[in-house]
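Enquirer: Sharing a structure, written as structure tokens. Questions coming.
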Amino acid sequence: MRNSLRGKVAIVGVGQSPTGRVPGRSPLDLTAEATLNALADANMQKSEIDGVLTGNAFASSFHRFSVALSEYLNIQPSYSNTLQVSGATAGAAVNTAAAAIHAGLADTVLVACGDSLLTGMTPDMAIRAMTESRDQQYEMPFGIPVANTFAMTAHRHMKQYGTTSEQMAKVAVTFREHASRTPGAQKTELITVDDVMNSKMVTSPYHKLDCSLISDGAAALILTSAERALDYTDTPIYILGGGEYYSHEHIFLMPDLTQTGAVQSAQKAYDMAGISASDLDVAGIYDCFTGTVLMMLEDLGFCKKGESGSFVEDGQITYGGKIPTNTHGGMLSYAHPGIPAAWFHFIEVVRQLRGSCGERQVDNAELGIVHTLGAGFSTQATTILGAGSTR
Amino acid sequence: MSEAIKNVLTKPLPTPDGDSQALWDGLKNGKLLLQHCDDCGHVQYYQQGMCRLCQSTKLRHQAASGKGTIYSYSVVYRAPGPAFKDDVPYAVLLVQLEEGPRMISSLVGKNFDALDFDVAVRLTTAAISDEISLPYFELVD
């Protein structure tokens, strides 16, 4: 691959704000706190940041969140952008930051995002969040927010492959078990498949417990070149590969409801990293809904098309299984502050690869994947991460 | 009451643009216009200024037969905002039109027990304002 960035850039610091219900804090304030914690984690001064990439926050009126965040922290970067590819923004921002560093546009990039979806939304902001995500002419008039687009893909998967609601529920049950071991997780009380099945129907086939939480919170990552990484940490986590794919905008133009652009996104990332799915030790998979995870397990190559339901039932996405996934609890149980949610998947995979997860630690985790997606599978971004041994 | 709050209490009203004016004019007359490309034969929905496949501008509007099948669906129990609260539960449909394109619509009525994949539906339209009529689908007996 021409001029690949494999192993050229590393994550040297991760940090977060309190998550869950965090009233009285603005998205900028939460994101600034996450940034300071990431700087402390990297033993770095803020003056060393010369690039800033963020997503946007619904509960903030700033259109250029990355620029507003820089001012809030009184830093003046020479590289900045506020990205918007819905749920895939996290992966896209990390990939883009790595590319910018590799290309010399910046030496050290802060990749941060924060929002307060749970307590910080004025009615005007809630409206914006609700109405902006689907097309005003061809989708929204029929009362179809983004949840329904994912629901229809899961429904078709059930029809085509015999996937059951119980199998989808098992994803929520597994991630809740994971969250019960994670300090700061929003939901830690263990649940059963029956609890999920008996929770209120939101949009069929999804019950309330098939859906991600609504939270406040922020997270930050600091990336720098591999040459500089060891100046900051003994355990840099290297970017080994990145891939993205944007297959459609409208759900009715999704080519196949049960196979997504994650196939192409992941393949590109695997090729760059020189690995395949079976080499991976740990995964962070965007889990806006339970069925979303099932389809991603197939499309990322962990199991065959149509077999994700039994894969999850067999315990393959938890400890001792083929690919322990979302060991922090994910958006279903740890936190879902909107766009920042997938930043926590990055933080968890980094911590797993550092070997610093304590009782949540996956044995011998050296190679990890974070896959983020959004907007009814319109946007897909994959990042392969590796400990020093894999570089 | 702010403009934004008023907006959320009413359903989103499509605003026709340069690409879509013909579609909305057609729906007012009970017709769902699809775009047929005279260069490559592609049939498309939604309305664009050019063919999505070959970028030709030789597009011809032709009314759909109104026949389709349900490719997927989801019954909404929790309304996406106050404007839809009086409507729940309602079924959002992903309809496969016989001409090829798929489209998002919703089911007329609440006969959810009869809903299934690949069952036949037919087009109907209903005015939601003086200018805008929406395309809905009903189950074929």
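Chains as they are written, first to last, in our numbering: chain A, 880 to 1270; chain B, 3 to 143.
For each residue, glycine too, the CB sits at the ideal point set by N, CA and C.
Identify every run of the beta strand (DSSP E) within the region 913-984 of chain A, keeping only runs that are complete inside it and at least 3 residues long; order them along the chain.
Expert: 930-933, 958-961
Enquirer: If you check the beta carbons only, do P1012(A) and M1133(A) fall under 9 Å apart?
Expert: Your numbering for residue 1012(A) matches position 133 in the first sequence. Your numbering for residue 1133(A) matches position 254 in the first sequence. With the sequence shown as reference, residue 1012(A) is identified as Ser, and Pro is not the correct amino acid for it. Cβ distance not < 9 Å, so S1012(A) and M1133(A) don't count as in contact.
Enquirer: Under a three-way DSSP split, which group does H1250(A) fall into?
Expert: Along the first sequence, read from residue 1 onward, the residue named residue 1250(A) stands at position 371. Of the three classes helix, strand and coil, the one that applies to H1250(A) here is strand, per DSSP.
Enquirer: For L1179(A), which option in W1222(A), Q1138(A), A1266(A), S1126(A) has the closest C-alpha, if you only look at C-alpha atoms?
Expert: Here residue 1179(A) corresponds to residue number 300 of the first sequence, with the count starting at 1. With distances taken between Cα atoms, L1179(A) lies closest to Q1138(A).
Enquirer: Where L109(B) and E140(B) are concerned, what is the direct C-alpha to C-alpha distance, given to the nearest angstrom?
Expert: Taking the first residue of the second sequence as 1, we reach residue 109(B) at position 107. Taking the first residue of the second sequence as 1, we reach residue 140(B) at position 138. Between the alpha carbons of L109(B) and E140(B) lies a distance of about 6 Å.
Enquirer: Counting only runs that start and end within the region 987-1050 of chain A, where is the beta strand (DSSP E) found for 3 or more residues in a row?
Expert: 987-995
Enquirer: Can you find a CB in chain A that lies within less than 9 Å of the CB of D81(B)?
Expert: Translated into the one-based positions of the second sequence, residue 81(B) becomes position 79. Note that residue 81(B) is Ala in the sequence shown, not Asp. Taking Cβ atoms only, chain A reaches closer than 9 Å to A81(B), which makes this a yes.
Enquirer: Which word fits M3(B), buried or exposed, when buried means at least 16 other C-beta atoms lie within 10 angstroms of its C-beta?
Expert: By 1-based counting over the second sequence, the position of residue 3(B) is 1. Here the model assigns M3(B) a pLDDT of 47, short of 50, so the residue's position is not dependable, and the following value carries that caveat. Under this definition M3(B) is an exposed residue.
Enquirer: Can you tell me whether Q50(B) is helix, strand or coil according to DSSP?
Expert: Within the second sequence, numbered from 1, the residue matching residue 50(B) stands at position 48. In the structure shown, Q50(B) sits in coil (DSSP, three-state: anything other than H, G, I, E or B).
Enquirer: By DSSP, does V1075(A) sit in helix, in strand, or in coil?
Expert: Taking the first residue of the first sequence as 1, we reach residue 1075(A) at position 196. Three-state result, V1075(A): helix.
Enquirer: By DSSP, does Q64(B) sit in helix, in strand, or in coil?
Expert: As a position in the second sequence, residue 64(B) is number 62, starting the count at 1. Shown here, Q64(B) sits in a strand according to DSSP, grouped into three states.
Enquirer: Based on DSSP bridge pairs, tell me the residues matched to Y1111(A).
Expert: Your numbering for residue 1111(A) matches position 232 in the first sequence. Beta bridge pairing from DSSP links Y1111(A) with no other residue.
Enquirer: Per DSSP, Y1124(A) forms a beta bridge with which residues?
Expert: On the first sequence, residue 1124(A) is found 245 positions in, with the first residue counted as 1. Under DSSP, the beta-bridge partners assigned to Y1124(A) are Q1259(A).
Enquirer: Using a C-beta cutoff of 9 Å, does L136(B) count as contacting chain A?
Expert: Residue mapping note: residue 136(B) aligns to position 134 of the second sequence, counting from 1. With 9 Å as the cut-off, L136(B) counts as an interface residue toward chain A.
Enquirer: If I'm right that G1022(A) touches V78(B) with Cβ under 8 Å, what's the distance once you round it to whole angstroms?
Expert: Sequence index remark: in the first sequence, residue 1022(A) carries index 143 (1-based). Sequence index remark: in the second sequence, residue 78(B) carries index 76 (1-based). Contact flag correct, Cβ pair sits at about 6 Å.
Enquirer: Any C-beta of chain B within less than 9 Å: which residues of the region 1068-1084 of chain A qualify?
Expert: K1079, M1080, V1081, T1082, S1083, P1084
Enquirer: What does a CB cutoff of less than 7 Å around N113(B) pick up in its chain, not counting 5 residues either side in sequence?
Expert: Walking along the second sequence from the start, residue 113(B) turns up at place 111. L141, listed in sequence order.
Enquirer: Please state whether the Cβ-Cβ distance between I1226(A) and Q895(A) is less than 9 Å.
Expert: Within the first sequence, residue 1226(A) is the residue found at index 347, counting from 1. Within the first sequence, residue 895(A) is the residue found at index 16, counting from 1. Going by C-beta atoms, I1226(A) is nearer than 9 Å to Q895(A).
Enquirer: Cβ of R124(B) less than 9 Å from any chain A Cβ?
Expert: The residue you call residue 124(B) lines up with position 122 of the second sequence. It does not: the Cβ of R124(B) has no partner Cβ on chain A nearer than 9 Å.
Enquirer: Which residues of chain A have a Cβ atom closer than 8 Å to the Cβ of F86(B), listed in chain order?
Expert: Numbered from its first residue, the second sequence carries residue 86(B) at position 84. Here the neighbours are G1022.
Enquirer: Anything in chain B within Cβ reach of M1019(A), meaning under 7 Å, just list it in chain order.
Expert: As a first step, residue 1019(A) must be located in the first sequence, where it is residue number 140. Here the neighbours are P14.
Enquirer: So, are the CB atoms of G1253(A) and Y1124(A) less than 9 Å apart?
Expert: Within the first sequence, the letter at position 374 stands for residue 1253(A). Within the first sequence, the letter at position 245 stands for residue 1124(A). Cβ atoms of G1253(A) and Y1124(A): not closer than 9 Å.
Enquirer: Extract the residue ranges of the beta strand (DSSP E) inside the region 1169-1213 of chain A, only unbroken runs of 3 or more that lie entirely within it.
Expert: none
Enquirer: Could you check how far apart the C-beta atoms of P902(A) and T998(A) are, in whole angstroms? I think they sit under 8 Å.
Expert: As a first step, residue 902(A) is located in the first sequence; it is residue number 23 there, counting from the start. As a first step, residue 998(A) is located in the first sequence; it is residue number 119 there, counting from the start. Going by Cβ atoms, the distance from P902(A) to T998(A) rounds to 4 Å, so yes, they are a contact pair.
Enquirer: Starting from the C-beta of E950(A), find all residues in its chain whose C-beta is less than 7 Å away, skip the five residues before and the five after it, and write them out in chain order.
Expert: Within the first sequence, numbered from 1, the residue matching residue 950(A) stands at position 71. Counting only Cβ-Cβ distances below 7 Å, and skipping sequence neighbours, we find nothing.
Enquirer: Taking 9 Å as the threshold (C-beta atoms), are T1082(A) and V94(B) in contact?
Expert: As a working mapping, residue 94(B) is identified with position 92 in the second sequence. As a working mapping, residue 1082(A) is identified with position 203 in the first sequence. Going by C-beta atoms, V94(B) is nearer than 9 Å to T1082(A).
Enquirer: Would you say T17(B) reaches chain A, if we count a Cβ-Cβ gap shorter than 9 Å as a contact?
Expert: For this step, residue 17(B) is matched to residue 15 along the second sequence. Answer yes: the Cβ-Cβ gap between T17(B) and chain A drops below 9 Å somewhere.
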